[in-house]
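Shown next, in structure tokens, is the structure this report addresses.
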Amino acid sequence: MAEDVCRYDVLKNEKYGRYLVANKDLECGELIFTDTAIAVGPKPDTPPLCLGCYCPVENTLCSRCGWPVCGAECEQSPHHLLECDVFTQAKERFQSVEDWSASCPQLDCITPLRLFLAKEKDPERWAREVDAMETHTEERQKRATWRADQNNVVDYLIDRCKLGERCTRELLTRICGILEVNAVEIPSRGGFSVRAIYPRLAIAAHSCVPNIVHTILQSDYQVQIRAAVSIKSGEPLHLSYTHVLSPTIVRREHLLESKFFSCECPRCADPTELDTHMSTLKCSKCDNGVILASNPLDNEAPWNCTDKKCGFKTSSAAMRKMLAVVQAELDQLDALPLGPEAIEMREATLRKYKSVFHPCHSMLLSLKHALAQLYGRVEGYTLDELPDLVLERKIEFCRLVLKTLDVISPGESRMRGMMIYELHAPLMYLARSEFSAGLISQEKLKERLQEPLQCLSDAARILGREDPQSPEGITGTIAHQSMEQLKASIESL
Ligand SMILES: [Zn+2]
Ligand SMILES: [Zn+2]
Ligand SMILES: [Zn+2]
Ligand SMILES: [Zn+2]
1 MAEDVCRYDV LKNEKYGRYL VANKDLECGE LIFTDTAIAV GPKPDTPPLC LGCYCPVENT
61 LCSRCGWPVC GAECEQSPHH LLECDVFTQA KERFQSVEDW SASCPQLDCI TPLRLFLAKE
121 KDPERWAREV DAMETHTEER QKRATWRADQ NNVVDYLIDR CKLGERCTRE LLTRICGILE
181 VNAVEIPSRG GFSVRAIYPR LAIAAHSCVP NIVHTILQSD YQVQIRAAVS IKSGEPLHLS
241 YTHVLSPTIV RREHLLESKF FSCECPRCAD PTELDTHMST LKCSKCDNGV ILASNPLDNE
301 APWNCTDKKC GFKTSSAAMR KMLAVVQAEL DQLDALPLGP EAIEMREATL RKYKSVFHPC
361 HSMLLSLKHA LAQLYGRVEG YTLDELPDLV LERKIEFCRL VLKTLDVISP GESRMRGMMI
421 YELHAPLMYL ARSEFSAGLI SQEKLKERLQ EPLQCLSDAA RILGREDPQS PEGITGTIAH
481 QSMEQLKASI ESL
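If you're matching positions, the sequence shown starts at 1 in UniProt numbering and goes up one per residue.
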């Protein structure tokens, strides 16, 4: 794409500060812009990792500076070279740790140092793209992370790494703020989580119903921003800075904590989350009502049963506590190894909370999203082994997630691509199983295979935009091959 065709303008208002607006009509899937990270590096509190490729390391250090790298190649990585000079000149080595898998505050200084070095190297880009970035200094001063930044980053870089002649405490403090407010978490090439600053991406305003999506290219950590839906000229471009499958309380808390604002988007403002019912509970006191937040934009507002005669009420604090308990259970399930237990324990958790949550509640939806991906993939539950009833269950879960995504993340997202890919297989197996049982004719089979074919074609198109080395990109390639095979097999019928 020609980068000189700019598809957006930067505007400014009270609500968002700077934000992006489409300056022409954009098609679904259209590349709007690409952005280069000005700095990539470890997140705070991360265990020791290679400063070249970000894989976990143990006891391997750079032969020049003595900081963690996995080998000779990563010593020469452009990500590491500049800081390598700083550490070497200051004779400041990494202090060995006992437990190489525990979080290590020594690495907190790396990404801020890289951002400072990027400023030194390209002051024009800094002035043009970084200087105007938000830091929320006042709010940050009240937090525990402020002290940690002062100790582990500002004091450390000035006193121990002898940066005092090249920069000031004020600048380093600002850099910490820029990172805390604007950095995004991205997967490294090895699939480990790191953070990066993309100045143009950071301007995009948030919405819990985004209309743009981003993809990280693993070779050079470039980001591509695309239209998830067709967007009219003049419409703001909204990215989601939080997990789209989380319920309103959790999303708003996360945004306040990490991005320093209270989201008031249409999804947050609606107790039913735009009729998806992702925050809705069943009422334990009556059969007619459900429990909703009386005012989802007020964190202290009570939750009420919608049946006036019932009158059941609970506090938002109780609701938050309950969600945290269930989330902790879900996190434990996520830590299970891939095997039959991963399915069986999730099904048990679904049964356990069936009477508590609306079937579309975020907590149950997350379980169903996981199960939709697990059925057909683990020992004892491969596609050939699944009875028709379970194939139908996988289909039901895929369709529920897709229907919800239509509302909360409309258009072509990674999650949709992966879900449609999951949906094609049970549809195909079910049609073939009914055909071999003599339940449907060959003509009917042909007709029934059209939907899985469409799923594969959509999945191949959507996931084809992902980095080919990423799990989603690999699925995209497989979807493309399976589509060709299915086409051929339909033609031979
Ligand atoms: Zn490495
Ligand atoms: Zn080094
Ligand atoms: Zn919102
Ligand atoms: Zn009730």
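Ideal Cβ positions, reconstructed from N, Cα and C, are used throughout, including at glycine.
Within the same chain, show all residues whose beta-carbon is closer than 6 angstroms to that of residue i, passing over the 5 residues directly before and after it, in chain order.
{"i": "Ser-101", "result": "Pro-47"}
{"i": "Ala-202", "result": "Asn-182"}
{"i": "Arg-18", "result": "Val-10, Lys-12 and Ile-203"}
{"i": "Val-223", "result": "Asp-35, Tyr-198, Leu-201, His-214 and Ile-216"}
{"i": "His-395", "result": "Correcting the residue identity first, residue 395 is Ile in this sequence and not His. So the list reads Pro-426, once near-sequence residues are dropped."}
{"i": "Leu-338", "result": "Val-378"}
{"i": "Arg-432", "result": "none"}
{"i": "Ala-118", "result": "Ile-38 and Ala-39"}
{"i": "Arg-160", "result": "Glu-92"}
{"i": "Lys-162", "result": "Ala-90"}
{"i": "Val-130", "result": "Pro-199"}
Under DSSP, the beta strand (DSSP E) around residue i begins and ends at which residues?
{"i": "Trp-303", "result": "303–305"}
{"i": "Pro-187", "result": "184–187"}
{"i": "Thr-382", "result": "Element bounds for Thr-382: n/a, residue is neither H nor E."}
{"i": "Asp-220", "result": "Looking at the DSSP string, Asp-220 is not in any beta strand (DSSP E), and its letter there is neither H nor E."}
{"i": "Val-21", "result": "17–22"}
Between the C-alpha atoms of residue i and residue j, what's the straight-line distance to the nearest angstrom?
{"i": "Trp-146", "j": "Cys-208", "result": "28 angstroms"}
{"i": "Val-229", "j": "Val-57", "result": "41 angstroms"}
{"i": "Pro-247", "j": "Asn-152", "result": "34 angstroms"}
{"i": "Arg-399", "j": "Glu-412", "result": "15 angstroms"}
{"i": "Ala-127", "j": "Thr-137", "result": "19 angstroms"}
{"i": "His-424", "j": "Leu-336", "result": "26 angstroms"}
{"i": "Lys-308", "j": "Gly-289", "result": "8 angstroms"}
{"i": "Ala-293", "j": "Asn-59", "result": "51 angstroms"}
{"i": "Glu-120", "j": "Leu-171", "result": "12 angstroms"}
{"i": "Ile-178", "j": "Leu-82", "result": "20 angstroms"}
{"i": "Lys-321", "j": "Pro-187", "result": "30 angstroms"}
{"i": "Glu-98", "j": "Lys-313", "result": "51 angstroms"}
{"i": "Glu-75", "j": "Val-69", "result": "6 angstroms"}
{"i": "Thr-349", "j": "Tyr-156", "result": "47 angstroms"}
{"i": "Pro-44", "j": "Pro-302", "result": "35 angstroms"}
{"i": "Arg-226", "j": "Ile-212", "result": "6 angstroms"}
{"i": "Ser-489", "j": "Met-483", "result": "10 angstroms"}
{"i": "residue 525", "j": "Ser-436", "result": "It is not possible to answer for residue 525, since the shown part of the chain is limited to 1 through 493."}
{"i": "Gly-71", "j": "Gly-52", "result": "9 angstroms"}
{"i": "Glu-185", "j": "Lys-282", "result": "35 angstroms"}
{"i": "Arg-393", "j": "Ser-355", "result": "19 angstroms"}
{"i": "Gln-150", "j": "Ala-318", "result": "36 angstroms"}
Taking the continuous alpha helix (DSSP H) assigned at residue i, which residues delimit it?
{"i": "Ser-193", "result": "Taken as a continuous stretch (DSSP letters only), Ser-193 belongs to no alpha helix (DSSP H), being part of the beta strand (DSSP E) at 193–197."}
{"i": "Phe-116", "result": "110–121"}
{"i": "residue 508", "result": "Examination of residue 508 is not possible in this model, given that the chain is present from 1 through 493 alone."}
{"i": "Asp-9", "result": "It is not in any alpha helix (DSSP H) - Asp-9 instead sits in the beta strand (DSSP E) that spans 8–13."}
{"i": "Tyr-353", "result": "340–353"}
{"i": "Asp-85", "result": "78–90"}
{"i": "Arg-147", "result": "144–149"}
{"i": "Gln-141", "result": "137–141"}
Please list, in chain order, all residues of the same chain as residue i whose beta carbon is under 7 angstroms from its beta carbon, the five residues on each side excluded.
{"i": "Pro-210", "result": "Ala-228, His-238, Leu-239, Ser-240 and Ser-409"}
{"i": "Tyr-16", "result": "Ala-205"}
{"i": "Arg-169", "result": "Val-154 and Ile-158"}
{"i": "Cys-84", "result": "Cys-62, Arg-64 and Cys-65"}
{"i": "residue 503", "result": "Missing from the structure shown is residue 503; the chain here goes from 1 to 493 and no further."}
{"i": "Met-1", "result": "Since pLDDT at Met-1 reaches only 46, below the 50 mark, its modelled position is unreliable, and the value read off the structure follows with that caveat. Result list for Met-1: Leu-31, in chain order."}
{"i": "Ile-175", "result": "Pro-112, Leu-115 and Phe-116"}
{"i": "Ser-233", "result": "Ala-22, Asn-23, Lys-24 and Asp-25"}
{"i": "Glu-434", "result": "Ile-440"}
{"i": "Val-326", "result": "Tyr-353 and Met-363"}
{"i": "Arg-252", "result": "Ser-262, Cys-263 and Cys-268"}
If you measure from the beta carbon of residue i to each beta carbon in chain B, is any gap under 8 angstroms?
{"i": "Met-415", "result": "In the displayed structure, chain B is absent; only one protein chain is listed."}
Among residues of its own chain, excluding the 5 on either side of residue i, which ones have a beta-carbon nearer than 8 angstroms to its beta-carbon?
{"i": "Met-428", "result": "Leu-449, Pro-452 and Leu-486"}
{"i": "Met-418", "result": "Gln-373, Ala-459, Leu-463, Glu-472 and Thr-475"}
Check your understanding: Per the contact definition of three or more C-beta pairs closer than 8 angstroms, is the stretch 434–442 in contact with the stretch 3–14?
Key -> Not touching, per the Cβ criterion.
Review point. In chain order, which continuous runs of the alpha helix (DSSP H) of length 4 or greater are located wholly inside the stretch 358–411?
Key: 362–374 and 388–408
Review point. At which residue ranges does the stretch 262–324 contain complete beta strand (DSSP E) runs of 3 or more residues, listed in the order of the chain?
Key: Within the stretch 262–324, the beta strand (DSSP E) runs of at least 3 residues that lie entirely inside it are, in chain order, 290–293 and 303–305.
**Study point:** alpha helix (DSSP H) segments (min. 4 residues) lying fully within the stretch 431–481
**Key:** The stretch 431–481 contains these whole alpha helix (DSSP H) runs: 442–448 and 450–463.
Check your understanding: Counting pairs of beta carbons, one from the stretch 360–378 and one from the stretch 256–263, are three or more of them closer than 8 angstroms?
Key -> no
Check your understanding: Are there three or more Cβ pairs, one per stretch, closer than 8 angstroms when the stretch 346–363 is compared with the stretch 316–332?
Key -> They touch, by the three-pair rule.
Review point. Which whole runs of the beta strand (DSSP E) in the stretch 27–75 are 3 residues long or more, in chain order?
Key: 31–35 and 39–41
**Study point:** the stretch 295–309 contacting the stretch 341–351, beta-carbon criterion three pairs below 8 angstroms
**Key:** The stretch 295–309, when compared against the stretch 341–351, does not touch it at the 8 angstroms Cβ threshold.
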